[in-house]
Amino acid sequence: MAIHNLYIFDRNGSLLFYHEWNRLKQSGMSREEEAKLMYGMLFSIKSFVSKISPLDLKKGFLSYKTNKYALHYLETPTGLKFVLNTDIHASEVRELMKKIYSQVYVEYIVKNPVCRLDEPIKSELFKEKLDELIKQSSYYTAKIA
Amino acid sequence: MVIYGVYIVSKSGGLIFNHDHNVPKVESECVFNKHPIDLKLVNENKKVVVSFGHRDGVAIGHVLTSLNGIAVTGSQLDDGRDVFEAIENPANFPLTLKFARLRVTTNEKIFLASMFYPLFALASQLSPETKSSGIEVLEADTFKLQCFQTLTGVKFMILSEPGQVGLDILLKKIYELYADYALKNPFYSLDMPIRCELFENNLQALLEQTEKSGNVSHI
Numbered sequence: 001m002a003i004h005n006l007y008i009f010d011r012n013g014s015l016l017f018y019h020e021w022n023r024l025k026q027s028g029m030s031r032e033e034e035a036k037l038m039y040g041m042l043f044s045i046k047s048f049v050s051k052i053s054p055l056d057l058k059k060g061f062l063s064y065k066t067n068k069y070a071l072h073y074l075e076t077p078t079g080l081k082f083v084l085n086t087d088i089h090a091s092e093v094r095e096l097m098k099k100i101y102s103q104v105y106v107e108y109i110v111k112n113p114v115c116r117l118d119e120p121i122k123s124e125l126f127k128e129k130l131d132e133l134i135k136q137s138s139y140y141t142a143k144i145a
Numbered sequence: 146m147v148i149y150g151v152y153i154v155s156k157s158g159g160l161i162f163n164h165d166h167n168v169p170k171v172e173s174e175c176v177f178n179k180h181p182i183d184l185k186l187v188n189e190n191k192k193v194v195v196s197f198g199h200r201d202g203v204a205i206g207h208v209l210t211s212l213n214g215i216a217v218t219g220s221q222l223d224d225g226r227d228v229f230e231a232i233e234n235p236a237n238f239p240l241t242l243k244f245a246r247l248r249v250t251t252n253e254k255i256f257l258a259s260m261f262y263p264l265f266a267l268a269s270q271l272s273p274e275t276k277s278s279g280i281e282v283l284e285a286d287t288f289k290l291q292c293f294q295t296l297t298g299v300k301f302m303i304l305s306e307p308g309q310v311g312l313d314i315l316l317k318k319i320y321e322l323y324a325d326y327a328l329k330n331p332f333y334s335l336d337m338p339i340r341c342e343l344f345e346n347n348l349q350a351l352l353e354q355t356e357k358s359g360n361v362s363h364i
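These protein sequences, in sequence, are chains A and B. Our numbering applies: residue 1 is where the first sequence begins, and numbers increase by one. Our numbering applies: residue 146 is where the second sequence begins, and numbers increase by one.
Below is the structure:
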């Protein structure tokens with residue numbers, strides 16, 4: 001059980017926040033490039049899902065799994081996108097992501113008047129609280145690299 | 146167990162086989178008594194699409210298929226009138242409009258198959274773990290897509306209802322059928338669309354059997 005990393009994108013696709021806990025492989029490109037690639041992939045997956053779905057979507061794309069990791073996706077109605085990579089056995093990741101949004105992002109970014117919402121997050125308080133939430137979640141256990 | 150469809154994608158990303166198994170029909174009819182109607186319709190990709198509003202099962206993205214029983218092609222009625230003019234004219238009321246969620250056409254399926262190819266590769270490239278495969282399971286709230294890539298690079302995909310388990314076993318069974326009935330067919334050339342009757346019949350039988358038993362493991 002492990003949580004690898006977290007990306008937060010705004011509605012226009014720019015990377016607001018990135019943090020990694022247990023990342024065993026770097027993608028071999030700069031963070032900006034990687035974020036663009038990640039956003040592009042999510043954008044394509046969303047359009048793929050909306051086209052291939054046999055019924056009308058409500059929440060749309062939720063997650064995908066490979067043999068090594070699982071990517072969980074949460075999009076708020078305002079277009080804010082949370083992407084959390086975990087190992088494939090993690091459960092109830094969606095609840096954790098909703099907590100990240102409602103208990104950390106809203107509390108420490110939206111309610112902080114000096115944080116601009118369209119700029120990368122620099123708040124130390126946000127980072128601390130996020131780290132706290134992730135580390136106290138039941139499935140955070142550091143994997144031996 | 147509900148299986149919506151099966152897709153096979155070749156090594157180079159082309160769709161070589163698809164089978165619609167059990168695709169639900171999303172259709173609804175609404176009667177509008179007063180002008181103007183309480184849905185916002187727009188012309189999108191030569192179709193009349195709902196862009197805002199929700200009532201009686203009609204949702205955003207649904208396409209207008211008929212007006213007072215007259216079929217709609219593009220943004221024109223089959224009797225030659227323009228759809229928007231007909232809806233704008235208060236004299237035409239009450240109106241009965243029929244909306245449907247369009248099914249994926251074969252062309253769109255080919256497009257979607259080639260769209261999945263880079264997603265599969267990117268998932269492996271953006272992995273936080275070493276030696277990750279591509280997407281194996283993709284979940285949305287209305288369906289689950291399970292993908293199995295063979296050693297030779299052919300991808301087998303099943304679209305099913307969400308939360309379905311045991312699809313990986315079913316995929317291996319389909320692979321078996323492919324190896325038996327498609328590859329051993331002397332008239333089949335590799336990486337070309339599969340048109341083998343025997344393969345299709347056996348696949349159909351397998352899917353029906355799986356759906357009935359609701360479980361794949363004991364087939």
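Idealized CB from N, CA, C, for every residue including glycine.
Please confirm whether residue i has its beta-carbon closer than 8 Å to some beta-carbon of chain B.
i, result
"M38 of chain A", "yes"
"I52 of chain A", "yes"
"I45 of chain A", "yes"
"T76 of chain A", "no"
"K135 of chain A", "no"
"D56 of chain A", "yes"
"A145 of chain A", "Legend: pLDDT at A145 of chain A = 38, less than 50; position of this residue unreliable, value from coordinates given subsequently. Cβ-Cβ to chain B under 8 Å: no for A145 of chain A."
"Y18 of chain A", "no"
"M41 of chain A", "yes"
"K25 of chain A", "yes"
"Y69 of chain A", "yes"
"V49 of chain A", "yes"
"N85 of chain A", "yes"
"H4 of chain A", "yes"
Residues in its own chain within less than 6 Å of residue i by CB, not counting five upstream and five downstream?
i, result
"E172 of chain B", "A245"
"N5 of chain A", "E20, R23, N85"
For residue i, does the three-state DSSP call read helix, strand or coil?
i, result
"K81 of chain A", "strand"
"T297 of chain B", "coil"
"I182 of chain B", "coil"
"L304 of chain B", "strand"
"L328 of chain B", "coil"
"V154 of chain B", "strand"
"L42 of chain A", "helix"
"T76 of chain A", "coil"
"A285 of chain B", "strand"
"D165 of chain B", "strand"
"T241 of chain B", "strand"
"A266 of chain B", "helix"
"D118 of chain A", "coil"
"A2 of chain A", "coil"
"V194 of chain B", "strand"
"N373 of chain B", "There is no way to answer for residue 373 of chain B, as the model of chain B reaches only from 146 to 364."
"V228 of chain B", "helix"
"T355 of chain B", "helix"
"R31 of chain A", "helix"
"Y320 of chain B", "helix"
"Q26 of chain A", "coil"
Within the same chain, show all residues whose beta-carbon is closer than 8 Å to that of residue i, passing over the 5 residues directly before and after it, in chain order.
i, result
"K317 of chain B", "F293"
"S50 of chain A", "L57, G60"
"V168 of chain B", "Y149, G150, R248"
"M97 of chain A", "H72, L74, F82, L84"
"Y149 of chain A", "For chain A, the structure presents residues 1 to 145; residue 149 of chain A sits outside this window and is missing."
"A70 of chain A", "S63, Y64, N85, T86, D87, I88, A90, V93"
"N67 of chain A", "I88"
"L304 of chain B", "I148, Y149, G150, V151, Y152, F288, K289, L290"
Would residue i pass as an interface residue toward chain A - the criterion being a Cβ-Cβ separation below 8 Å?
i, result
"D201 of chain B", "no"
"A327 of chain B", "no"
"P169 of chain B", "yes"
"Q309 of chain B", "no"
"F301 of chain B", "no"
"S173 of chain B", "no"
"T287 of chain B", "yes"
"T275 of chain B", "yes"
"L283 of chain B", "yes"
"G219 of chain B", "no"
"V249 of chain B", "yes"
"M260 of chain B", "yes"
"L123 of chain B", "The structure shown has nothing for residue 123 of chain B, since chain B only spans 146 to 364."
"I364 of chain B", "Its pLDDT being 48, under 50, I364 of chain B is placed unreliably in this model, and the coordinates cannot settle the point."
Output needed for residue i: all residues of its chain with C-beta closer than 7 Å, excluding positions within five of it in sequence on either side, in chain order.
i, result
"F126 of chain A", "V104, Y108, I109"
"I100 of chain A", "F82, L130, L133"
"L208 of chain B", "The sequence shown places Val at residue 208 of chain B, not Leu. Excluding sequence neighbours, V208 of chain B sits near K192, V193, V194, F244, A245, L247."
"A268 of chain B", "G279, I280"
"I215 of chain B", "L222, D223, D224"
"E176 of chain B", "Going by the sequence as given, residue 176 of chain B is Val instead of Glu. Here the set comprises P239, T241."
"Y326 of chain B", "C341, L343, F344, N347"
"N213 of chain B", "L240, T241"
Since residue i and residue j are thought to touch, with beta carbons under 8 Å apart, how far apart are those beta carbons, to the nearest angstrom?
i, j, result
"K289 of chain B", "V154 of chain B", "Going by Cβ atoms, the distance from K289 of chain B to V154 of chain B rounds to 17 Å, so no, they are not a contact pair."
"S44 of chain A", "L264 of chain B", "6 Å"
"V187 of chain B", "S196 of chain B", "4 Å"
"T295 of chain B", "Y320 of chain B", "6 Å"
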